[in-house]
Every structure is written in structure tokens, then in C-alpha cells.
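Okay, so here's the structure we're looking at.
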Amino acid sequence: MIRRAQRRKMATYPFKAIESKWQTYWESHKTFHIPVEVDTSNPKFYVLDMFPYPSGSGLHVGHPEGYTASDIVARYKRMRGFNVLHPIGWDAFGLPAEQYALRTGTHPRITTEKNISRFRAQLKSLGFSYDWDREVDTTDPDYFRWTQWIFLRLFERGLAYEAEVPVWWCDALGTTLANEEVIDGKSDIGGHPCERRKLRQWVLRITSYAERLLQGLEETDWPASTKEMQRNWIGRSEGAEIDFPIQDHADQAIRVYTTRPDTIFGATYMVLAPEHSLVGVITTPEALDGVTAYQSQAARKSDLERSELQNEKTGVFTGAYAQNPATGSLIPIWVADYVLATYGTGAIMAVPGQDERDWEFAEQFGLPIRRTVQPPEDFTGNAFTGDGPAINSEFLNGFHVAEAKSCIIDWLESEGKGTRKINYKLRDWLFSRQRYWGEPIPIVFEDGGAHALPDDALPITLPELEEFRPSGSPEGPLALATDWLHTINPATGRPARRETNTMPQWAGSCWYFLRYIDPHNTDVLVDPGLEKYWMPVDLYIGGAEHAVLHLLYARFWHMVLYDAGIVSTSEPFAKLVHQGMILGELEYTAWRNVNTGAWVCASKVMDGRERDSGDEVESVRIVEEVAEKVSDHFVLKEAPDIRLDVRAFKMSKSRGNVVNPDEIIEQYGADAFRLYELFMGPLEQVKPWSTRGVQGTFRFLRRVWMLLTERKIDDTSPSVEQLRVLHKTIARVSEDIESLRMNTAIAALMEFVNAAYKWSSVPRAIAKPFVLLLAPFAPHISEELWEQLGHSQSLAYVPWPESQAQYLVDEFVKVPVQVNGKVRATIQVAPDADKNQVLELAKSNKNVQRFLNNKPPRREIYVPGRIVNLVAA
RNA sequence: GCCGGAGUGGCGGAAUGGUAGACGCGCAGGUCUUAGGAACCUGUGUUCUUGCGAGCGUGUGGGUUCGAGUCCCACCUCCGGCACCA
671 MIRRAQRRKM ATYPFKAIES KWQTYWESHK TFHIPVEVDT SNPKFYVLDM
721 FPYPSGSGLH VGHPEGYTAS DIVARYKRMR GFNVLHPIGW DAFGLPAEQY
771 ALRTGTHPRI TTEKNISRFR AQLKSLGFSY DWDREVDTTD PDYFRWTQWI
821 FLRLFERGLA YEAEVPVWWC DALGTTLANE EVIDGKSDIG GHPCERRKLR
871 QWVLRITSYA ERLLQGLEET DWPASTKEMQ RNWIGRSEGA EIDFPIQDHA
921 DQAIRVYTTR PDTIFGATYM VLAPEHSLVG VITTPEALDG VTAYQSQAAR
971 KSDLERSELQ NEKTGVFTGA YAQNPATGSL IPIWVADYVL ATYGTGAIMA
1021 VPGQDERDWE FAEQFGLPIR RTVQPPEDFT GNAFTGDGPA INSEFLNGFH
1071 VAEAKSCIID WLESEGKGTR KINYKLRDWL FSRQRYWGEP IPIVFEDGGA
1121 HALPDDALPI TLPELEEFRP SGSPEGPLAL ATDWLHTINP ATGRPARRET
1171 NTMPQWAGSC WYFLRYIDPH NTDVLVDPGL EKYWMPVDLY IGGAEHAVLH
1221 LLYARFWHMV LYDAGIVSTS EPFAKLVHQG MILGELEYTA WRNVNTGAWV
1271 CASKVMDGRE RDSGDEVESV RIVEEVAEKV SDHFVLKEAP DIRLDVRAFK
1321 MSKSRGNVVN PDEIIEQYGA DAFRLYELFM GPLEQVKPWS TRGVQGTFRF
1371 LRRVWMLLTE RKIDDTSPSV EQLRVLHKTI ARVSEDIESL RMNTAIAALM
1421 EFVNAAYKWS SVPRAIAKPF VLLLAPFAPH ISEELWEQLG HSQSLAYVPW
1471 PESQAQYLVD EFVKVPVQVN GKVRATIQVA PDADKNQVLE LAKSNKNVQR
1521 FLNNKPPRRE IYVPGRIVNL VAA
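Here the numbering used here = 1-based position in the first sequence + 670.
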């Protein structure tokens, strides 16, 4: 059955033959290759996709959404005369290939190559106009040579250092993981349990770029939400560091960081993080047992476990006291894990009156509370964190928060008790991984010291291994490659031991966009002249899941390269757009009581149970036809009091709602698929997939095909009306592509075809520009039609049609006539008609007169060509 | 809790403060056909009306305006991110 339908599709619109023909043509003619030595007097456009990790499961329909959008822009800009750089490559290091190697003994390189071939074939089957001669692969030694080279630049600038860092260690994976790779105490990949261990690690000093990473956002055209996420991640705050002298320890003070120095008169106790170095110094003998027990208990908890139990704050008194530098009074020093060792100084002055966490702690342990900001009269809460006049604060009394802050900081500074201080939440970047399938870090150890290898020793390639099992020690699998491990330090000529850590997957993606510019250069990372021409990336399209990490790390490396004089811009990505996630098809779900078999209203289902009876319920996927909408929700037609859940879910293997692009292309062709991916809705929006929707764009292409092949193309000169339709379409499509509104651009193309179907024939002078407009969206069918219209060359570089203003205005327009804001008639006038004539015509309409009660209106409004509004007397 | 974004037909969505629902899916009727799950044409927010036309309608309640999906205020719901960062 399906085959018969397919044959019919093929017969009327032979997309398979067309698509393979043109893919072959582009490949053999290198249509989209742009030479390294390019004519730099032309304007350039660099349109970049976030390169994929070539996973074993191939592309899903979410990938091609962003890729299609960028491809449309690339093809459009080429036709606009730009030199277009539109490359692709592979972010191919990573854990899955290594884990596969563990299970099967297959070398990660084999797996990676296989996956890349699959991805490459899939991307080619979609007809993307990448310059395949610029493909990069992060696992290629010719590529990671330069990743290592950048690491050496970081090292020599003091931005890469070793530290003993408490890190997440995952026994199952045999490696450490970054904070962001551990979710709820389990590894992001695989879901294995993880624990904290202190290990020697390479760390990148991203924090010294915190301020610039923050400031640089101002000059980028990025989604506001992404900038905001980066700002929050960097987490700049302004405040003060203040020293609190410790009783009986005259030589020691507790330094705290606070953003509210104005509340210091309300600091009634202090808290040290359990890991704080002074805990052991100040704790009194009587308190020692309790404090030690508390410390070891806290060490076993993860950050999450600490914060999960927010409501039950824990802590223990050290027996020691500090002196409040403002009031001079003695206040107790506690240890509590609600204070983080890793932020600020690891110690706080606790001001329960103005801080909810401190209030909670103070209440729990009976510590004094002293308000220093007057809350408003109607304030009913506990701690008051808003603005108000200072109270109980001696010389600060009466000042509002901002004033009080600067006043107290001036005082602290003049007394030598504190200083103004800016703090960031951003931490340095843990850069070590105890894995095999990553870039080796180009460092050797001799006499316990780390030494950079010289540039000419690069690339440091991975040794061949038979075993990929983690060594079980924090050293990782490379420690097992003894021949590789023991080497000579070229600087001294003496035996040395290689670094066995490798780089995290983020490393290769921090700079790949630079290598595309000059991919085969063996002398430098990128030729400076070419870099200056092509950078920055004009349009970067990729998922919002990279809003913080990849985009922050890449910006950091780029700023370092900028400081080192290697690149010419400090920000790499001028404009950034995130494609929205594509969900599975809309699902209609009914709920049924497992025990009784009766339907259960969705509003009564709680956590898999019926709310009233507590019985277990099961979900039943039902077809759309048996559902019905009643006011704002869906119910079963046969039982209107049974509400349904209707929504689309994220595609996942376990849910079984994954759509495979290969199957869609097989059935409808790449052009129809590309068109549907963007016709669904705005690029940046989350939207559900609908295979039936693909039929719509397929039908459209078939109509195009029949319009321009079966119907007669003739050489008559086009009518003014036909020219109007064409030029309006040109204007709409051009504007929509410029602003990435691909869905409405496609709608405009559809409207053109609908209009053209009403014509008896299509003049060649109309057909040609239309095919060019269609080309960025549906390149295969467009090339074929272009050839049939009598051209022997690809249309890829044919100039984009220009819209002519004279055809953008109609001779007559229909203008609605409102009375009191409601449409009562429509009149037909010339767009530039005289205002009074239009108003007279409007008022002469019978229906209008009826609603004006046959009296002259009190007010008359005419927006030329748009609307008449008459206000009745 | 905090910070973003979004709520429009049966569904995806469109709309410089100016006729709400373009375009597509679905549905209904028709044409052609041995056939239709193909193609083409017509219709399709909802209620009343034979028709002309009229009432209602963009999450809820207010407001600004000749005119509000669009601007302002308050609230509700959903999605995404962050979450003891002092």
C-alpha cells in the first residue's frame, strides 16, 4: 500500500532522482568549496553550526533544524555576492567511544571513524552546502596539535596550573568528573554514583577573565536569556571583606566577605565552613569532639546533600568568640555547612535580621537577632532583605542601604578593618580527565616539577593501547602505556614522565571555528590575514544547552588568544541563535484505574495514583479521534467527565517517539524535510514534530514541480499583476531570511504558488526568479528546475532577485471602515487617495450610516491605505 | 524561592497599535477517476440568521487609546535555567 503511494509520489515529482543527481553534482563540481586564498575585497559572511558529537545513534530530527536554517542563510548570502564560510566538523573525543571500547575492545578511533562516516553521509543526504574540504575532526593529530599548542600558551601565561582539588570521582567510570557532569550525585553519563576526592588536577584560571567575560557580553548580539545565564554563572557581586579579631588569638582574624557590610551592627555570630582552616585553630578543647565529628560528617555530604536539607540547618559551636569590629562586642563562632568553603572567604558574619538563612539558623540555635534595617510597617516576614533606613547602627542610622554601604566601607577602610571587594561565583575550570580518548596534555614531569613540552614536540599523540580499562587509580589508562609514559624531557635531556591526564571534551570545541578558516596550515593555527578577514563568526546557530559552558569556555580561550595576539577580535561570535528543541508528536493520554479498569480523570491523577482511592493508575495512549475539546481541556468523547493529558514529550528512545530523519527523507525527500523543519514554527521555539506536516511541504514541492514542468512556461511578458505577486514575494522572502523567520518565508513561497496556480501559464520571467527564491530552502528541486529553464550551471551563485518598489504597492487597496472600532464596511481606494474623498466614500456606505445613526461622526480617523475609524456622535 | 520565555481555531502557527486566525495540517462538500489514502476547486473560530448581516472571541481581571493579541498594572498556568554564592 505504502509502496503504491510512494510510486505515485515518485511519478509526479521524482525527488529521489533529483536529489541524488544534484548532491553528486555539488560534490564533483566542488560547488561550495571556497578557496583558502579568497578575494578579500568581497564582503564575507561566516555562518557556523555547533559541530556535532558523532554519536552511535546518528542524527535525530533535532540536529537538522539549526543546520537547515544556517544552510538557508549560507545559500542566500552566496547569491547576495558574499564570500561565505560554511563549514562542518566533528567534536569527536568523548566518553561514549571509550566506554564502547571497554565493552567490546574496539578502539575508539574505529568507532569514531564509523560514526563520523554515518553522520557525514546523513548530512550530505540533506543537501547542506558545507565546504567539505574544510572538515575538522578534534581527534585528528593535525587538529589537536593546535589544541595542545593553545594549552601551552595558557600554561606559559600562568593560566594553567596544578592544584589539589576536591573533585568528583566516579568509580564506575574510573575517572574524575567536572561539577557540571555530576547531577544529583550521579554521573551525567551513565548515572553512576560519584564521590568527592582530593586529587592533583590541571585547572585553568578562567576566573582572572571573569570581569572581561562579563563585560564582553555587552558587545554581542545574543539571546537575552543566554547572556543572563552567563552573567548569573559569572555571578559578580560587590561588597567588602572584613576582619573579625578572635578572642584569645591576637594574631588571627576571621576574614569574611559580605555584600551587606551596612548590616554589620546586626552581626550577632559568625560561621565558618567546616573546611575552613581556622576551625582547628580556634575550637576550644571542650568543643573539639563535637566540631571534629561535624566536620567529618559534612565531608561525606555532597554539595547537593548539603543544600537539599536547606530547611534543617545544622551546625556546632566552636567555643570561641570573635569581636564585632563595629560594635566591639563578642559574638560566638560556629561551624555550619550552610556556609560554602569555596565561595568568598569560606566564612561569614551572620546577620539574622537581614538574611533569611542566618535568621533560620539563629532561630534554630537560639542566637540573638538584631534588626539593623527598619522594615516597612506592613512587613510580616522574618529577615528583612529589602531597602529601608538603618537602625541600631550608630553612625549609620537613617541611611538607606546603598548609602549605608559606602559609608561603612569608608569607615572600615579608614580603620584598617576591611576593604571594598568584588567577588565572582565563577570558579576556575577543572581541566583534567583521567581518560584515554582525549587530547594528551603536553606536559612532562621531572624531579616532581611540571615542564611544558616545546611547540615542535607537538602533537603529543595517544599511545596504542590494548586495554582501555581505567587503571582504577586516579591516573587513568594512559599510566598503563609504559613505553609512552617514560620519555625524555627535551629541555634537559633527562628522563621524565608524561602527564597521564587528558583534556576534557570542551577543549576541542573552544577554538574549532578558527581552524575552519585555515584548516590545512601546518605552520600556524590560523593565518593572521585570513583570521582578520573571516572573524568574527557572523552567525552561530546551536542548542541552548550550551548557553553557559561551551560558549563561556570558547570565549575565555578566545580572549586569551586575543591577548596573545593570535586573533583579532576579543569576542568570537557576533550573533548567536539557539534553535528550539523538536519534541515528539503530540500525544493524547487517558488514565485508567489498574484495579477497576475504569477511566480516571487526569485532574485526579497524582504521582501515578488516583487521588481519592489511592489506587494505581496506568496511562493509555489514545488516538486523537476519540478525544474532544471542552472549553480549555480535552476529554474522552464517550465520557466527557474524563479529562485527558495532551502534550508532546521530548524525544527519547525509552518513550519510543524518536523520529529518524533517514526515514522521512526516504519517503518525502530532503527538500520536503528541510522545508518542514523550518515551516513548523519560529526557529528558536520548542515545537512538536508532525510527520503529517511533512506531507504538507511535500505537497507544496509537488505543486511547484507540476507548476513549472507540466504547466506551460511561456515567453510572454508578465502582467503587472503577476509582477506584483512576484516582487512582493521577493521582498517578503528576503526580509524573512535576513531576520531568520524561515517559517513565514516558506509561507510566502506557498502563497506565490497558490496565486500562480490561478494563472493559465507562467511567464519565464516570473518562473526564473521564483526558482531562485526557493533555492536556499529546497536546493535540489530548484537546481533541477533551473536547469530545465535552460541553464547549464548551478544556481548557487546566481544573483538573488531584487524586488522593485513599483510592484510592491497595489493600484487599489481594500480599506476597512470602522464605526467605534468595529468594522462595518470595506471600501476600495487607491493607496494614495485623498483623505477627504476616502472619508466621504466611507460615510456614504449604508451600513456605516446605520451605525452612525445617520448623524455626522464626532471624530474621523484615516490611516492612509490601512483603516478608517469613525467615532459616532 | 529567584531569573528568563511563552499562553491566539481541533493541531503547528501568522499578525510595523489599524479587518485576529496568513500559510500548513486536519475536517466537510464538489470535480476528475475502475479506484483514491492522488490531484484540482470550494468551504472551515464560535453563536444567531435562508440570506444580508449581527453578537461573542487572542489565559484571567483592570487600565491607556478613536482603535489593544500587540502598550501599562495585578494575577493564573505552562516551559527552560539557577538554587544556602552571604
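Beta carbons are placed, not taken as given, at the ideal position from N, Cα and C, and that holds for glycine.
Taking 4 residues as the minimum length, the alpha helix (DSSP H) runs contained wholly in the region 816-898 are 880-886, in order along the chain. Of the residues K983, L1000 and P1242, the one whose Cα lies closest to the Cα of Y991 is L1000. Nearest Cα to K784 within the set I1416, L772, S725 and K1398: S725. Of all alpha-carbon atoms in K1245, I758 and D761, the one lying nearest the alpha-carbon of G886 is that of K1245.
With contact defined as three or more Cβ pairs closer than 8 Å, the region 758-773 and the region 1446-1465 are not in contact. If you look at V961, you'll find it in the alpha helix (DSSP H) that goes P955 to R970. Taking the Cα positions, A1006 is about 41 Å away from E1241. For N753, the number of other beta carbons within 10 angstroms of its own is at least 16, and it is reported as buried. In this structure, the CA atom of I1497 is about 40 Å from the CA atom of I742.
The straight-line gap separating the alpha-carbon atoms of A969 and T845 is approximately 20 Å.
In chain order, Q965, A968, V1005 and D1007 place their CB closer than 6 Å to the CB of P944, counting only its own chain and leaving out the 5 sequence neighbours on each side.
In this structure, the CA atom of A910 is about 6 Å from the CA atom of P931. For D1406, the closest C-alpha among the options H1397, L1396, V1395 and A1418 is that of A1418. Taken atom to atom, the span from the alpha-carbon of E1109 to that of R815 is near 9 Å. When Cβ pairs closer than 8 Å are counted between the two stretches, the region 1271-1286 is seen not to touch the region 1342-1358, the count staying below three. Remark: C-beta atoms of N1515 and A1495 approach each other more closely than 8 Å. Here the alpha carbon of L1222 sits roughly 32 Å from the alpha carbon of H777. By DSSP's assignment, F1243 forms a beta bridge with V1207. Distance from the CA of H1220 to the CA of L1096, rounded to the nearest whole angstrom, comes to 14 Å.
One Cα belongs to R1225, the other to Q1476, and the distance between them is close to 46 Å.
Per the Cβ contact rule, the region 876-886 is not in contact with the region 1119-1126 (fewer than 3 Cβ pairs under 8 Å).
Shortest Cα-Cα distance from V1316 to any of A1340, G1014, E1333 and A1260 involves A1260. For K1075, the CB contacts under 7 Å within the same chain, skipping 5 residues up- and downstream, are P931 and D932 in chain order. Per the coordinates, the alpha-carbon of N1171 lies some 37 Å from the alpha-carbon of F798. Just measuring C-alpha positions, the residue of N1424, L1465, V1275 and I1111 sitting nearest F825 is I1111.
In this structure, the straight-line span from the alpha carbon of D810 to that of W1227 is close to 20 Å.
Within the DSSP bridge table, the entry for D807 names W760 as partners. Taken in chain order, the complete alpha helix (DSSP H) segments of 4 or more residues contained in the region 1021-1070 are 1026-1035. Annotation: the continuous alpha helix (DSSP H) that includes W692 extends over F685 to H699. If you keep only unbroken alpha helix (DSSP H) runs of at least 4 residues inside the region 1060-1126, you get 1071-1085. For the pair Q1249 and E735, the CB atoms are nearer than the 8 Å cut-off. If you compare the alpha carbons of E1215, N1327 and I1335 with that of M899, the shortest gap goes to E1215.
Between T701 and S1464, the gap from beta carbon to beta carbon is short of 8 Å. If you ignore the 5 residues before and after Y1203, its C-beta comes within less than 7 Å of the C-beta of T710 and K714, all in its own chain and listed in chain order. Around the beta carbon of D1311, a 10 Å sphere encloses fewer than 16 other beta carbons of the protein chains shown; the residue is thus reported as exposed. The continuous alpha helix (DSSP H) containing R1402 extends over residues V1390 to E1408.
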